[in-house]
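Q: Protein sequences, first through last, are from chains A and B.
Throughout the first sequence, residue numbering follows my numbering, covering 3 to 222 in sequence.
Throughout the second sequence, residue numbering follows my numbering, covering 3 to 222 in sequence.
Each residue gets a CB set at the ideal place from its N, CA and C atoms; glycine is no exception.
Below you will find the structure I want to go over with you.
2 protein chains.
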Amino acid sequence: MHSFTEENYLKVIFHLYQVQEMPVQTNAIAGKLNTRAASVTDMLKKLADKKLINYIRYQGVTLTEQGKLIAIQIIRRHRLWEVFLVEKLNFGWDEVHDIAEELEHVGYQPLIERLDKFLNYPKRDPHGDLIPDSSGEFEIAVQTGLLELAENINAVIIGVTEHSSPYLKHLEKLGLTIGESLLIEGITSYDGTLELDCSGKKISISRKVAQHILVSTKNQ
Amino acid sequence: MHSFTEENYLKVIFHLYQVQEMPVQTNAIAGKLNTRAASVTDMLKKLADKKLINYIRYQGVTLTEQGKLIAIQIIRRHRLWEVFLVEKLNFGWDEVHDIAEELEHVGYQPLIERLDKFLNYPKRDPHGDLIPDSSGEFEIAVQTGLLELAENINAVIIGVTEHSSPYLKHLEKLGLTIGESLLIEGITSYDGTLELDCSGKKISISRKVAQHILVSTKNQ
DNA sequence: AATTTTTTTTAGATTTATCTAAATTTAAAA
DNA sequence: TTTTAAATTTAGATAAATCTAAAAAAAATT
Ligand SMILES: [Mn+2]
Ligand SMILES: [Mn+2]
Ligand SMILES: [Mn+2]
Ligand SMILES: [Mn+2]
Numbered sequence: 003m004h005s006f007t008e009e010n011y012l013k014v015i016f017h018l019y020q021v022q023e024m025p026v027q028t029n030a031i032a033g034k035l036n037t038r039a040a041s042v043t044d045m046l047k048k049l050a051d052k053k054l055i056n057y058i059r060y061q062g063v064t065l066t067e068q069g070k071l072i073a074i075q076i077i078r079r080h081r082l083w084e085v086f087l088v089e090k091l092n093f094g095w096d097e098v099h100d101i102a103e104e105l106e107h108v109g110y111q112p113l114i115e116r117l118d119k120f121l122n123y124p125k126r127d128p129h130g131d132l133i134p135d136s137s138g139e140f141e142i143a144v145q146t147g148l149l150e151l152a153e154n155i156n157a158v159i160i161g162v163t164e165h166s167s168p169y170l171k172h173l174e175k176l177g178l179t180i181g182e183s184l185l186i187e188g189i190t191s192y193d194g195t196l197e198l199d200c201s202g203k204k205i206s207i208s209r210k211v212a213q214h215i216l217v218s219t220k221n222q
Numbered sequence: 003m004h005s006f007t008e009e010n011y012l013k014v015i016f017h018l019y020q021v022q023e024m025p026v027q028t029n030a031i032a033g034k035l036n037t038r039a040a041s042v043t044d045m046l047k048k049l050a051d052k053k054l055i056n057y058i059r060y061q062g063v064t065l066t067e068q069g070k071l072i073a074i075q076i077i078r079r080h081r082l083w084e085v086f087l088v089e090k091l092n093f094g095w096d097e098v099h100d101i102a103e104e105l106e107h108v109g110y111q112p113l114i115e116r117l118d119k120f121l122n123y124p125k126r127d128p129h130g131d132l133i134p135d136s137s138g139e140f141e142i143a144v145q146t147g148l149l150e151l152a153e154n155i156n157a158v159i160i161g162v163t164e165h166s167s168p169y170l171k172h173l174e175k176l177g178l179t180i181g182e183s184l185l186i187e188g189i190t191s192y193d194g195t196l197e198l199d200c201s202g203k204k205i206s207i208s209r210k211v212a213q214h215i216l217v218s219t220k221n222q
């Protein structure tokens, strides 16, 4: 199989590509993995040799079909374990990411399939991220960034794009958790602070906080 | 923390010491870990530097108190995950060892404590092995090898000392699983085959099979 | 277009865990 | 008590993943 390190590179490349939709740069990978650009270059050559990435010197990388498949399997494992940790072991949504970072590398297909069944085939993880199915297919996400939501439109929080513990703890304190209904009542013109009505409670949040919240206006 | 490799060495030294009660030899470790004696020597020096083992050249090794503690924690994790895999994910007792070999290295204390709670603080794993508590204490095992059991004495299977899949599958086919009651009706004088009464069913097993079965004559 | 800055890649080392082959030490046999 | 055999350790290499420092390429500024 592939080493933990290789798996982590593939996963990071997958995620970076998702946001940029452009070949992923060496420095971006180095930043995510807390490593040096030189180390990344070394690994990129190795992954290219294994035909897991398309790599042209100085031009950044994309995943090959095979590389994408592996990356998605790791993401699937990660998210299923996060569901397990929250649903079954009662961890908070801010505590599970780092544990899942380790569990995701335990690779034995039947384990993940049985875990999926045990958890009753969850569609999303505790942060609202979609869980790919065993063949690597994602459901199509019908979601909007909270900053793109128009005023006075009812919406439901369905996810967050930032998984750090301080951020998640902060949201929890504000009562902004997955499944909560909200509505933008107004936006302060001076600094763009959002005035929300969240299940009747009036709260105001900065754009920096709002930036990472995903909402849905359907399925309410 | 310690690398997977270091953890595996400590665990193997612990197990080998348990059966021999004598300093563990380089070759024995190499055998268990499918590695070479030279590699073992290298690692023993490293573990001795870290004060996890007592090592005298050519004289074999024992674990220090600190080394023992780490080994026991890994064994605790291994056995708890095995319980999880059998009880919650419905794996067979012959399928879980290799998966647990990987899961045991996911080290984050609260994870194991919560898993323990989720599983309702099990005392033994699916093979009847005792699970040490969070402080590393083992219950005292009141158990006898089936070969030491006298004839016509009621006993209950409480464990096995061989965990290979073929062996466990074989026992299962014979109906010799943990918790089953049995009684030795006789022993063939020619080759020592044991004639058993297992919950009314008459079965005969070779000494090679009987060798790895542990029974209890109390708590029935 | 020439210069500066940023990004990326190479060159050369280092660390960890492994190996083979040869040398030592200990144990067993003659 | 030699001699032989077995077990263990050293010496020297190798592979994976990382690093720093320096060179090279690409992008951004003058
Ligand atoms: Mn996560
Ligand atoms: Mn990871
Ligand atoms: Mn086991
Ligand atoms: Mn292990």
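Among 181/B, 133/B and 95/B, which residue has its Cα nearest to the Cα of residue 219/B?
A: For residue 219/B, the nearest C-alpha among the options comes from 181/B.
Q: Going by the C-beta, is residue 164/A closer than 7 Å to any heavy atom of ligand 3?
A: Answer for residue 164/A: no, Cβ out of range of ligand 3.
Q: For residue 203/A, tell me which candidate among 187/A, 125/A, 12/A and 40/A has the shortest Cα-Cα distance.
A: It is 187/A whose Cα lies nearest to the Cα of residue 203/A.
Q: Which chain A residues are close to residue 158/B, counting only those with a beta carbon under 7 Å from its beta carbon?
A: In chain order: nothing, as chain A lies at least about 29 Å away.
Q: Taking 7 Å as the cut-off, is the CB of residue 104/A close to at least one heavy atom of ligand 1?
A: Checking every heavy atom of ligand 1 against the Cβ of residue 104/A, none is found closer than 7 Å.
Q: Under 7 Å between beta-carbons, which chain B residues line up against residue 90/A? List them in chain order, please.
A: Within 7 Å Cβ-Cβ: 120.
Q: Along the chain, where does the beta strand (DSSP E) containing residue 183/A start, and where does it finish?
A: Here the beta strand (DSSP E) through residue 183/A covers 183 to 189.
Q: Kindly list, in the order they appear in chain B, the residues whose Cβ is closer than 8 Å to that of residue 108/A.
A: Within chain B, the residues near residue 108/A are 101, 104, 105 and 108.
Q: Could you tell me whether any non-hydrogen atom of ligand 1 is closer than 7 Å to the CB of residue 99/B?
A: The answer is no for residue 99/B.
Q: With a threshold of 7 Å, establish whether the CB of residue 13/A neighbours any heavy atom of ligand 2.
A: Yes, the beta carbon of residue 13/A sits closer than 7 Å to at least one heavy atom of ligand 2.
Q: Use the C-beta contact count for residue 3/B: other C-beta atoms within 10 angstroms, 16 or more gives buried, fewer gives exposed.
A: Looking at its Cβ environment, which holds fewer than 16 other Cβ atoms inside 10 Å, residue 3/B is exposed.
Q: Using a Cβ-Cβ distance under 8 Å, would residue 93/B count as near chain A?
A: Interface residue, yes.
Q: Would the C-beta of residue 129/A count as close to ligand 2, meaning under 7 Å from any of its heavy atoms?
A: Because no heavy atom of ligand 2 lies under 7 Å away, the Cβ of residue 129/A does not count as near it: no.
Q: Any chance the CB of residue 174/A is under 7 Å from a heavy atom of ligand 1?
A: Incorrect: residue 174/A has no Cβ contact closer than 7 Å to ligand 1.
Q: Among the candidates 195/A, 78/A, 39/A and 26/A, whose CA atom is the shortest distance from the CA of residue 64/A?
A: Among 195/A, 78/A, 39/A and 26/A, the Cα nearest to that of residue 64/A is on 26/A.
Q: So which residues of chain B does residue 117/A contact, with C-beta pairs closer than 7 Å?
A: The answer, in chain order, is 91.
Q: If contacts are defined as beta-carbon pairs under 8 Å, then residue 120/A and residue 91/B qualify, I think. What distance do you get, rounded to the angstrom?
A: Going by Cβ atoms, the distance from residue 120/A to residue 91/B rounds to 6 Å, so yes, they are a contact pair.
Q: Strictly under 8 Å for the Cβ-Cβ distance: is residue 113/A near chain B by that measure?
A: Yes, its Cβ sits closer than 8 Å to a Cβ of chain B.
Q: In terms of alpha-carbon separation, which member of 159/B, 191/B and 200/B lies closest to residue 213/B?
A: Comparing Cα positions, the closest option is 159/B.
Q: Just tell me which of 105/B, 15/B, 46/B and 127/B has its CA closest to the CA of residue 165/B.
A: Of the listed residues, the one whose Cα sits closest to residue 165/B is 127/B.
Q: Around the C-beta of residue 147/B, are 16 or more other C-beta atoms found within 10 angstroms, so that it is buried, or is it exposed?
A: Flag for residue 147/B reads exposed.
Q: Taking the beta carbon of residue 22/B as the centre, do at least 16 other beta carbons fall within 10 Å, making it buried, or is it exposed?
A: Exposed is the call here.
Q: With a floor of 3 residues, list each beta strand (DSSP E) that falls wholly inside the stretch 52 to 108 of chain A, ordered by position along the chain.
A: If we require 3 residues or more, the beta strand (DSSP E) runs fully inside the stretch 52 to 108 of chain A come out as 55 to 57 and 63 to 65.
Q: Who are the Cβ neighbours of residue 197/A in its own chain at under 6 Å, not counting the five residues just before and after it?
A: Once the five neighbours on either side are set aside, the close Cβ partners of residue 197/A are 187, 188 and 206.
Q: Going by beta-carbon coordinates alone, are residue 53/B and residue 37/B separated by less than 8 Å?
A: Their beta carbons are not under 8 Å apart, which means residue 53/B does not touch residue 37/B by this criterion.
Q: I'd like to check one pair, residue 72/A with residue 113/A: are the Cβ atoms closer than 8 Å?
A: No, they are not a contact pair.
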